[in-house]
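**Q**
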Amino acid sequence: MDYDVSLVLFLQSYPALAFLMKFLSHLGAREFFLLLLPAIYWCGNAALGFRLGLILTVSYGINAICKLLWHSPRPYWVSQDVFAWSGEGSFGLPSGHAQIALSFWGLLAARLASLRAWAAAILLILAIGFSRIYLGVHFPQDVIAGWMIGAGILAAFLYGDRHFGKRLFNLSPGTQILISFAASLALLAVFYLTQSALRGWQMPEAWAANAFAETAQTIDPMSAKDVLQAAGMLFGMSSGYAILQKQGGFSAAGSARCKVLRYILGLIVLFIIWYGPGAVLPAAGTLTYLKAAFAGLWVAYIAPLCFLRMHLAENI
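Position one of the sequence shown corresponds to residue 11 (this note's numbering), numbered consecutively onward.
#1: In whole angstroms, what is the alpha-carbon distance linking L271 and C53?
#2: Between the C-alpha atoms of P25 and P150, what's the straight-line distance to the nearest angstrom?
#3: Relative to the C-alpha of G99, which residue among F260, Y251, K256, N220 is closest?
#4: Using only the alpha-carbon positions, how far apart do A289 and I283 sit?
#5: Who are the Cβ neighbours of F344 in its own chain at under 6 Å, not counting the five residues just before and after it?
#6: Suppose you measure from the CA of M213 to the CA of F101; what does that come to, to the nearest Å?
#7: At 4 residues or longer, and completely inside the segment 165-245: list those alpha helix (DSSP H) runs for me, N to C.
#8: Judging by CA-CA distance, which residue of C76, G139, E215, L197 is the nearest neighbour of M243?
#9: With a threshold of 7 Å on Cβ separation, who are the neighbours of A120 within its own chain once the five nearest residues in sequence on each side are excluded?
#10: Looking only at its own chain, which residues have a Cβ that is under 8 Å from the Cβ of L181, when we skip the five neighbours before and after it?
#11: Specify whether the segment 152-159 and the segment 109-125 touch according to this definition: at least 3 beta carbon pairs, one from each stretch, less than 8 Å apart.
#12: What is the DSSP secondary structure of E41, reduced to helix, strand or coil?
#13: List the DSSP bridge partners of S141.
#14: Given that a residue counts as buried once 16 or more other Cβ atoms are within 10 Å of its Cβ, and exposed if not, what is F201?
#15: Could you compute how far the alpha carbon of K269 sits from the alpha carbon of F42?
#16: Could you give the first and the last residue of the continuous alpha helix (DSSP H) run that contains V18?
#17: Out of curiosity, what's the CA-to-CA distance linking Y311 and I50?
#18: Give the straight-line distance between the Cα atoms of S223 and I229, rounded to the nearest whole angstrom.
#19: Looking only at its chain, what residues have a beta carbon closer than 8 Å to the beta carbon of L47, apart from the 5 residues adjacent to it on each side?
Shown next, in the form of structure tokens:
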């Protein structure tokens with residue numbers, strides 16, 4: 011299959027845009043959401059933060075499955091003329107940044123329900139997708155596919171929340187935990203079934219060679235690390251939120267001082283959980299799932315419980 015990199019090369023002929031494009035790309039990166047989501051949950055609105063976390067983790071899991079399903083390269087994997095501003099080890103189609111941006115920022119705009127929120131969300135979604143093409147890590151079709159899948163996830167989430175949300179939240183915490191665990195296992199099952207179906211497929215050697223020549227990094231696009239992290243976070247957050255609601259909930263209101271302390275203290279522990287054991291854990295496996303689950307549990311339940319005990323927050 012031929013992959014047309016002409017648009018990527020045309021955009022990269024304007025190097026003055028590089029700083030802006032890298033900044034916009036970071037607004038759709040996992041690390042950015044790792045900073046933003048706790049801020050919304052702990053310091054803004056816990057119910058909104060939970061829903062944003064839910065669509066974020068589900069969208070990440072679906073993206074990992076879709077990438078494996080299409081097993082398509084990135085521009086700098088197929089052309090040595092393309093400059094890669096970052097090394098990406100997963101397949102290219104669909105763009106995770108584009109998909110996650112549409113589902114996450116779209117849900118936030120829908121919840122804020124204002125024309126300004128929607129205008130800002132649409133502008134940000136378009137800019138993030140465009141930046142990924144400029145940076146040489148996605149073809150235009152990758153970004154378009156990401157937007158389409160993200161729109162489908164957003165529509166399904168809004169419909170499900172409107173028609174089934176109250177019914178689910180009224181279930182016992184144990185039932186909610188079982189449902190969240192089953193959902194996380196479903197993501198993993200679909201991924202591993204897709205991976206199994208591709209056992210006879212061989213990635214072209216040129217893809218890995220071009221990627222390494224450009225970034226000095228090896229690629230492992232068949233890795234299950236991303237879906238394990240998404241599934242684990244989904245289970246941890248959903249379970250923690252269910253238990254917290256049973257115990258009286260958590261109000262993100264309070265003084266500016268309390269909110270700043272919540273965020274700083276909570277984020278320190280979250281980063282220790284997420285990055286601390288990274289050097290000794292395997293890239294994929296049960297431990298990766300458990301680490302992500304504990305991170306989600308910390309954000310949704312343990313951290314708010316600590317804030318309540320420290321009198322930095324109150325029950326609803």
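Even glycine gets a Cβ: it sits at the ideal position worked out from N, Cα and C.
Treat the numbers as computed from the prediction; the structure is a model and nothing was measured.
**A** The structure says:
#1: 10 Å
#2: 19 Å
#3: N220
#4: Low confidence applies to A289: its pLDDT is 47, below 50, so where it sits in the model is not reliable, and the reading given next is rough at best. Cα to Cα, A289 sits roughly 12 Å from I283.
#5: Residue 344 is absent from the structure shown; the chain starts at 11 and stops at 326.
#6: 11 Å
#7: 183-207, 215-225
#8: L197
#9: L168
#10: I189
#11: yes
#12: helix
#13: Paired residue(s): none; S141 is not in a bridge.
#14: buried
#15: 19 Å
#16: 16-22
#17: 14 Å
#18: According to the sequence as given, residue 223 is Ala; it is not Ser. Taking the straight line joining both Cα atoms gives about 11 Å.
#19: G59, L62, G63, L66, V309
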